[in-house]
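S.K.: Respectively, the protein sequence lines represent chains L and H.
Counting along the first sequence from 1, when you hit position 91 you're at 91 in our numbering, and nothing is skipped either side.
Counting along the second sequence from 1, when you hit position 134 you're at 246 in our numbering, and nothing is skipped either side.
All C-beta atoms, glycine included, are put in the ideal place defined by N, C-alpha and C.
Note that the structure is predicted; figures quoted are calculated from it, not measured.
One structure follows; several queries about it will come next.
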Amino acid sequence: MKVSDLLKAVSLKAVVLDNPDAEIEGVYVGDLLSRAMSHLEKHNAWVTIMTNKNVVAVGSLSEVSCVILAEGTTLPPDAVEAARENRVNVLAADLPAYELCLALSDPLASKP
Amino acid sequence: MTEPLRFHYDVDGENFSSAGEASVALKQNLRKLGYSPEVIRKVSIAMYEGEINMVIHANGGVADVEITDDRITIILADKGPGIADVELAMQEGFSTARDNIRALGFGAGMGLPNMKKYTDDMKIDTEVGVGTTITMVVLL
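Okay, here's the thing in structure tokens:
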């Protein structure tokens, strides 16, 4: 499923959407950056509450299709700028991580 | 290619909230050179973990990358405190990162294991009180 289609299916805010056609294949949830780096697969949607600039670096290096900030967390301006520079999609949700993943589950399952 | 390609990066030890800039720069260079996404991913993740380690533990250092026909070699050198017990440091989950650094999401104790995971060869030369040099190879 494309990131742009996920935005239509689930109530998410697009913080940075420079690559709306990126395909999502699977989801990873976690906040420790090196653990995320070890377990993120390419094209994953990465759900996290961590919001510093390094989230963008890890997202970019791991080639995620999008970072989804859970629980109403927001990126500081320098991180938003880094996401734009590196064309990393960043979405945001008010839902906590568990509820967010439940909301992602059906749309992602129906359009593999 | 006969002459190896070389890139040199200085890793600033002061600013760990923006650490990762050398890895991102290397990634962009590899992309321009047309390497496969898988090679780029492995090299840049290994480089990022090493870069972060130098920032967190060693007040920065230098990174040299050499590309030849069959391999990409990354050499990370610092004049930090050295690693007292390499075997322990290689264990997943072991970390000596301070709390303020953990608050940024570092200190999972996966840095060195990830560097090993994403490269074909890794060698650690370290001496307590002198510094650490890590050499990693990704085969092309």
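Just to confirm my understanding: we take K139/H, look at its own chain, exclude 5 residues before and 5 after, and list those with CB closer than 7 Å. What are they?
M.R.: Correct list, in chain order: I152, S156.
S.K.: Compare the C-beta of Y160/H with all C-beta atoms of chain L and state if any pair is closer than 9 Å.
M.R.: With 9 Å as the cut-off, Y160/H counts as an interface residue toward chain L.
S.K.: Nearest-angstrom Cα distance between L61/L and I24/L?
M.R.: So the alpha carbons of these two residues sit roughly 16 Å apart.
S.K.: If you measure beta-carbon to beta-carbon, which residues of the region 142–170 of chain H are closer than 9 Å to chain L?
M.R.: From the region 142–170 of chain H, only P149, E150, I152, R153, S156, I157, M159, Y160, E161, I164 have a Cβ closer than 9 Å to chain L.
S.K.: Specify the secondary structure class of H104/H as computed by DSSP and reduced to three states.
M.R.: The requested residue 104/H does not occur in the structure, where chain H is confined to residues 113 to 252.
S.K.: Taking C-alpha atoms, which residue in G125/H, A201/H, P149/H lies nearest to N175/H?
M.R.: The sequence shown places Ala at residue 175/H, rather than the Asn named in the question. Among G125/H, A201/H, P149/H, the Cα nearest to that of A175/H belongs to G125/H.
S.K.: Report yes or no: is there a C-beta of chain L within less than 9 Å of the C-beta of F206/H?
M.R.: For F206/H, the answer is no, since every Cβ of chain L falls outside 9 Å of its Cβ.
S.K.: In the DSSP assignment, the alpha helix (DSSP H) including Y98/L goes from what residue to what residue?
M.R.: Start and end: 97–110.
S.K.: Taking 9 Å as the CB-CB limit, is E25/L close to chain H?
M.R.: No, because no Cβ of chain H sits closer than 9 Å to the Cβ of E25/L.
S.K.: For the alpha helix (DSSP H) that contains R143/H, what are its first and last residues?
M.R.: Counting along the chain, the alpha helix (DSSP H) containing R143/H begins and ends at 133–145.
S.K.: What residues in its chain sit with their C-beta under 7 Å from that of V198/H, if we drop five residues either side in the sequence?
M.R.: Closer than 7 Å at Cβ, skipping near neighbours: I236, T238.
S.K.: For the beta strand (DSSP E) holding V233/H, just list the boundary residues, first then last.
M.R.: First, the amino acid is wrong: residue 233/H is Asp here, not Val. D233/H -> beta strand (DSSP E) spans 233–239.
S.K.: Quick one: what does DSSP say D78/L is sitting in, helix, strand or coil?
M.R.: Looking at D78/L - three-state DSSP - the assignment turns out to be helix.
S.K.: With H, G and I counted as helix, E and B as strand and the rest as coil, what does DSSP make of L40/L?
M.R.: Of the three classes helix, strand and coil, the one that applies to L40/L here is coil, per DSSP.
S.K.: What's the call for N212/H, buried or exposed, on a 16-neighbour Cβ count within 10 Å?
M.R.: Flag for N212/H reads exposed.
S.K.: Cα-Cα, which of T114/H, K191/H, M202/H, P116/H is closest to G243/H?
M.R.: Of T114/H, K191/H, M202/H, P116/H, the residue nearest in Cα terms is K191/H.
S.K.: Report the three-state DSSP secondary structure of E163/H (helix, strand or coil).
M.R.: The answer is helix: DSSP assigns E163/H an H, G or I state.
S.K.: What is the DSSP secondary structure of M1/L, counted as helix, strand or coil?
M.R.: In the structure shown, M1/L sits in coil (DSSP, three-state: anything other than H, G, I, E or B).
S.K.: Determine the DSSP secondary structure at A9/L, reduced to helix, strand or coil.
M.R.: A9/L falls in the helix class under three-state DSSP.
S.K.: What residues from chain H crowd round R87/L, counting only those whose CB sits closer than 9 Å?
M.R.: What R87/L touches in chain H: nothing, since even the nearest Cβ is about 11 Å away.
S.K.: Verify whether the separation of the beta carbon atoms of V90/L and A22/L is less than 9 Å.
M.R.: Taking 9 Å as the Cβ cut-off, V90/L and A22/L do not qualify as a contacting pair.
S.K.: Skipping 5 residues on each side, what residues in its chain have a beta carbon closer than 6 Å to that of Y121/H?
M.R.: Correct list, in chain order: A134, A175.
S.K.: Can you grab the Cα-Cα spacing for the pair A137/H / H43/L, in whole Å?
M.R.: Distance between the alpha carbons of A137/H and H43/L: 21 Å.
S.K.: Starting from the beta carbon of M222/H, find every residue of chain L whose beta carbon is closer than 8 Å, and list them in chain order.
M.R.: Going along chain L in sequence order, the residues near M222/H (Cβ under 8 Å) are L32, S34, R35, M37, S38.
S.K.: Enumerate in chain order the residues of its own chain whose CB-to-CB distance from F206/H is below 6 Å, with the five nearest sequence positions on each side excluded.
M.R.: Cβ neighbours of F206/H beyond the five flanking positions: L200, G221.
S.K.: Whose C-beta lies closer than 6 Å to the C-beta of E178/H among residues of the same chain, with five residues either side of it excluded?
M.R.: Contacts found: P116, R118, T185.
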